[in-house]
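Data first, discussion second: the structure below is written as structure tokens.
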Amino acid sequence: MPARRERSTTAEYTIAALQSFDYNVPYRDARVCQNMSEPYLSEEQQVELFHAVGRRLVSVVTGIHGKRLAEQVADIADVPLLGAFVSLKKEGELRSCMGTMSDEMPLAHAIEQATILAATQDPRFPPISASELFELDMEIWLLWGMRRVAQRGTDRLNAVEIGRHGVQIARGGNRGLLLPGVALDYEMDAQTFWEAVCQKAGLPKDAWLDDRSLLHTFEGVPICGPVSATENIDPKTADEMAFAAKYDRQTTSAPILDSDDLSAIKQVCAQTFQAMADGISPPGYFPGLFDAVVSGVAISYKLPDRPVLVCSKLSVRPDVPFQAALIELLQVLGEQVVNFGATAGEVMNAQIDVTVFWDPVIHGTVNRHDVRLVDSHYRSIMVSSPQGWVVQFEPTYGVADILKAAVAYLCAEDLDLADVISFETASTAANVLLSSVSKPNRGAEVRPSAIAGAFYPADVQKMNEELDRMLAD
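For the sequence shown, numbering that gives the first Met the number 0 assigns the number 0 to the initial residue and increments by one for each residue that follows.
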């Protein structure tokens, strides 16, 4: 196993740096390859593969046509692998990691799939945007040597060599996998490593000790370096990356919807609510109305002299079909309007606003983030933590003020676990505030007694005396 490589901490690179960066790749001497299933790549082939994967990643993210890996690394395209993973990190923090495994896969096919999945499909994060490419470090994991763990109980600890093995667990429909580098990155021993993969699979920490759990180990080696070190990027793609990094946009394409689309959506919502007030169900689709896959939709509905009703559907990934989500929200709000006992006149005079979110970009955590390029006129800010999330769109505020207000609203316990995400946003409302949690109402430091004194003494000393009397026996 090669020595661990130092991470690059440079936050920004220029196109000129692509030819000069001295990234580190492991050299595998064929004489030490005892396991015949271990793939052997020369140092030159590893360098060639790193550049090819970098170019493929960039083409997938920017949407600009690029050659598939099989065309770029034809001499090693058919080298057999157990599988491959592509891991992308931003200043040492995981940004995406996806891959594929099988009994045996051609190298080019395995890494091609892993690259596309890492760029677009990691369910934990938004898709990679072009504006991030300069800031990412890439690890290309080549995997081999899957072996079932035959030991039982604590003897299973002996099956793992930290730094050499990755681990996999399966029980019922639960499965989890961790690459060899995870144990090194987090300084795990064998037991902690098994416990971590159990938690990733959604199993109890000690599930690795259970005979019903199927455990495997495998081996892997990474080829590492910053994406910005990729050589021979197509000039058009390089220009696209530079534009995206400067303006914090995913692509140079036009906005997903314009003001006319937004006005039409608002009008359709108003007409639909009026029809629903007359007992007519909303249609299954609105012909001619804007439709696309977005990150989220929100509708606010204000009846005269009544609280504002807000309903939203939001994802950190662009996987929300707009019209389907819109119809679902209209139905939910319609039921609430009925429950309010709204009159036809109130429905006619209701204030309706629609907000659409797309192009999610992750900027780090609350304690460590970079939002300097985010323009609050066009983008909303989300703070997402284990306690919940809040999204605020306020074009008249600066991004720092919006972020501060969002953090205060959410009352997150650990700001290192609270992610900062922005969305391209279009709204008919002047400002928008959405949250999965209710804002706490802070009262007096010491609340007055409520039940105390009604069924038992309010005075602490008298209450203790009463308890002593009741529990004397």
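We treat Cβ as the ideally placed atom computed from N, Cα and C, and that holds for glycine.
Everything numeric in this text was worked out from a predicted model, so none of it was measured.
I'd like to confirm the pairing. Which residues does DSSP put opposite residue 96 in its beta bridges?
For this step, residue 96 is matched to residue 97 along the sequence shown. BP columns for residue 96 point to 86.
Hey, does residue 56 have any beta-carbon neighbour from chain C nearer than 7 Å?
Checking the listed chains, one finds no chain C in this structure; it contains a single protein chain.
State the DSSP-derived secondary structure class of residue 155, mapped to helix, strand or coil.
Residue numbering aside, residue 155 sits at position 156 when the sequence shown is read from its first letter. Reduced to three states, the DSSP call for residue 155 is helix.
Using only the alpha-carbon positions, how far apart do residue 344 and residue 294 sit?
Position 345 of the sequence shown, counted from the first residue, corresponds to residue 344. Position 295 of the sequence shown, counted from the first residue, corresponds to residue 294. Cα to Cα, the separation comes out at about 34 Å.
To the nearest angstrom, report how far apart residue 114 and residue 347 are at their CA atoms.
As a position in the sequence shown, residue 114 is number 115, starting the count at 1. As a position in the sequence shown, residue 347 is number 348, starting the count at 1. Whole-angstrom Cα-Cα distance: 52 Å.
By DSSP, does residue 58 sit in helix, in strand, or in coil?
Residue mapping note: residue 58 aligns to position 59 of the sequence shown, counting from 1. Here residue 58 sits in helix by DSSP.
Per DSSP, what are the beta-bridge partners of residue 301 in this structure?
Position 302 of the sequence shown, counting from 1, holds the residue named residue 301. 307, 350, per the DSSP bridge assignment.
Just the C-alpha distance for residue 174 and residue 199, rounded to the nearest angstrom, thanks.
The residue you call residue 174 lines up with position 175 of the sequence shown. The residue you call residue 199 lines up with position 200 of the sequence shown. Answer to the nearest angstrom: the Cα atoms are 8 Å apart.
Using 7 Å as the threshold, is the C-beta distance between residue 297 and residue 311 below it?
Here the question's residue 297 lines up with position 298 in the sequence shown. Here the question's residue 311 lines up with position 312 in the sequence shown. Cβ atoms of residue 297 and residue 311: closer than 7 Å.
Report the three-state DSSP secondary structure of residue 179 (helix, strand or coil).
As a position in the sequence shown, residue 179 is number 180, starting the count at 1. Helix.
Could you pull the start and end residues of the alpha helix (DSSP H) that residue 465 belongs to?
Walking along the sequence shown from the start, residue 465 turns up at place 466. From DSSP, the alpha helix (DSSP H) with residue 465 extends over 459 to 469.
With DSSP as the reference, identify every bridge partner of residue 165, one or two as the case may be.
Taking the first residue of the sequence shown as position 1, residue 165 is located at position 166. Answer by DSSP bridge pairing, in chain order: 217.
Per DSSP, which one or two residues make a beta bridge with residue 381?
Here the question's residue 381 lines up with position 382 in the sequence shown. Looking at the DSSP assignment, residue 381 forms a beta bridge with 390, 420.
Who are residue 312's beta bridge partners in DSSP?
Within the sequence shown, residue 312 is the residue found at index 313, counting from 1. Residue 312 pairs with 296.
To which residues of the same chain is residue 261 closer than 7 Å at the C-beta, ignoring the five residues directly before and after it?
The sequence position of residue 261 within the sequence shown is 262, counting from 1. Closer than 7 Å at Cβ, skipping near neighbours: 353, 425, 427.
Integer Cβ distance of residue 80 from residue 142, believed to fall under 8 Å:
Position 81 of the sequence shown, counted from the start, is the residue given in the question as residue 80. Position 143 of the sequence shown, counted from the start, is the residue given in the question as residue 142. Yes, they are in contact, since the Cβ atoms of residue 80 and residue 142 sit about 6 Å apart, within 8 Å.
Between which two residues does the alpha helix (DSSP H) holding residue 139 run?
If you number the sequence shown from 1, residue 139 lands on position 140. Counting along the chain, residue 139 falls outside any alpha helix (DSSP H), though it belongs to the beta strand (DSSP E) covering 135 to 147.
Under DSSP, the beta strand (DSSP E) around residue 431 begins and ends at which residues?
Locating residue 431 in the sequence shown gives position 432, where the first residue counts as 1. Residue 431 -> beta strand (DSSP E) spans 431 to 434.
Give the secondary structure of residue 279 by DSSP, where H, G and I count as helix, E and B as strand, and everything else as coil.
In the sequence shown, residue 279 corresponds to position 280, counting from 1. Coil.
Within its chain, find whatever has a CB closer than 6 Å to the CB of residue 215; leave out the 5 residues flanking it on each side and keep chain order.
The residue labelled residue 215 in the question sits at position 216 within the sequence shown. These residues qualify, in order along the chain: 145, 147, 167.
What did DSSP end up calling residue 339 once you bin it into helix, strand or coil?
As a working note, residue 339 is residue 340 in the sequence shown. Of the three classes helix, strand and coil, the one that applies to residue 339 here is helix, per DSSP.
Using beta-carbon positions only, say whether residue 401 and residue 391 come within less than 7 Å of one another.
As a first step, residue 401 must be located in the sequence shown, where it is residue number 402. As a first step, residue 391 must be located in the sequence shown, where it is residue number 392. For residue 401 and residue 391, yes; Cβs fall inside 7 Å.
By a C-beta neighbour count over all protein chains shown, 10 Å radius and 16 as the cutoff for buried, is residue 132 buried or exposed?
Position 133 of the sequence shown, counting from 1, holds the residue named residue 132. Buried, by the Cβ-count rule.
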